[in-house]
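This report refers to the structure that appears directly beneath it.
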Amino acid sequence: MPVKKHKPVSPGRRHYVSNDYSALTSKSQKPYKKLTVGLKRTGGRNHDGKMTVRNIGGGHKKKYRIIDFKRNNEGVEGTVKTIEYDPNRSAYIALIEYADGDIRYIIAPDKLKEGDNVNSGKGVTPVVGNAMYLDEIPLGSDIHAIEMAPGKGAQLARSAGTYGTLMGREGKYAIIKLPSSEVRRILLTCKATIGATSNPDHGLQVVGKAGRN
Numbered sequence: 246m247p248v249k250k251h252k253p254v255s256p257g258r259r260h261y262v263s264n265d266y267s268a269l270t271s272k273s274q275k276p277y278k279k280l281t282v283g284l285k286r287t288g289g290r291n292h293d294g295k296m297t298v299r300n301i302g303g304g305h306k307k308k309y310r311i312i313d314f315k316r317n318n319e320g321v322e323g324t325v326k327t328i329e330y331d332p333n334r335s336a337y338i339a340l341i342e343y344a345d346g347d348i349r350y351i352i353a354p355d356k357l358k359e360g361d362n363v364n365s366g367k368g369v370t371p372v373v374g375n376a377m378y379l380d381e382i383p384l385g386s387d388i389h390a391i392e393m394a395p396g397k398g399a400q401l402a403r404s405a406g407t408y409g410t411l412m413g414r415e416g417k418y419a420i421i422k423l424p425s426s427e428v429r430r431i432l433l434t435c436k437a438t439i440g441a442t443s444n445p446d447h448g449l450q451v452v453g454k455a456g457r458n
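Each residue of the sequence shown is one higher than the last, beginning at 246 in the numbering used here.
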């Protein structure tokens with residue numbers, strides 16, 4: 246996903262580098278309504294309504310997209326309907342429609358496109374977007390959305406452009422090198438998704454001025 250520089254028509258634009266969002270299927274895409282919920286902000290106020298933290302407030306309204314971190318719709322093939330922007334995270338999200346009619350959001354892996362098929366569970370092929378158990382993933386594979394406890398849902402390597410590497414197996418544990426270069430042992434019965442997360446150029450963006458931040 247490339248970034249774009251802007252003409253220096255003002256001091257704030259001179260160093261501004263933004264995402265061009267070319268990977269999204271529709272830039273004006275509204276989220277799937279049944280998978281959204283309103284986010285309430287505090288405005289820096291406590292339960293009495295008194296301001297206890299200054300300088301909090303304003304900003305654009307956000308709707309939280311309910312993400313399927315567990316990928317527990319096993320053995321049912323899903324098709325990518327859209328790749329969408331999510332204001333609550335740096336990676337993009339993908340809307341998946343499964344063969345049984347179920348519709349869910351997942352963290353979009355890099356290079357996943359509209360119309361691609363994804364699956365999860367035992368015996369699925371190790372291709373980008375498929376969620377597999379760590380005991381079946383080939384050694385050396387790049388993985389993201391990694392569980393820390395079986396069935397708990399993905400907790401590691403979820404932000405833009407991140408991935409871990411499956412280094413080896415030791416007894417009932419998998420040895421995984423995380424994006425921070427930390428090496429951690431995780432149970433083989435945990436799941437992870439093949440590939441790196443989307444929007445790898447997120448870190449190349451330059452805000453340009455404090456006001457935009």
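C-beta atoms are modelled at their ideal positions from N, C-alpha and C, and glycine is treated no differently.
Contact between the region 415–435 and the region 382–397 (3+ Cβ pairs under 8 Å): yes
E329 classed as buried or exposed, judged by whether at least 16 other C-beta atoms fall within 10 angstroms: Residue environment analysis places E329 among the buried positions, since at least 16 neighbouring C-beta atoms fall within 10 angstroms of its C-beta.
So, V373 versus G440, is the Cβ gap smaller than 9 Å? Against a cut-off of 9 Å, the Cβ pair of G440 and V373 comes out as a contact.
For N318, I'd like the list of residues in its chain whose CB is within less than 8 Å of its CB, leaving aside the five on either flank, ordered along the chain. Y343, D345, D347, R349, S365
Whose C-alpha, out of P276, K436, P424, is nearest the C-alpha of K308? It is P276 whose Cα lies nearest to the Cα of K308.
Which one of G304, A339, H305, I420 has the shortest CA to CA distance from I312? A339
What residues in its chain sit with their C-beta under 6 Å from that of G456, if we drop five residues either side in the sequence? Taken in chain order, the list of residues that qualify is empty.
Would you give the residue range spanned by the alpha helix (DSSP H) that G320 belongs to? Unbroken run through G320: none, as it is neither H nor E.
Once DSSP output is grouped into helix, strand and coil, what is the label at H447? Assignment of H447 by DSSP, reduced to helix, strand and coil, places it in the helix class.
Could you pull out every residue in the same chain whose Cβ sits closer than 6 Å to the Cβ of A402, ignoring the five residues on either side in sequence? Excluding sequence neighbours, A402 sits near H389, I391, Y408, G409, P424.
State buried or exposed for N444, treating a residue as buried only when at least 16 other CB atoms are found within 10 Å of its CB. buried
Less than 9 Å between the C-beta atoms of P256 and K454, yes or no? yes
Among R310, K315, D361, R316, nearest to A336 - alpha-carbon criterion: R310
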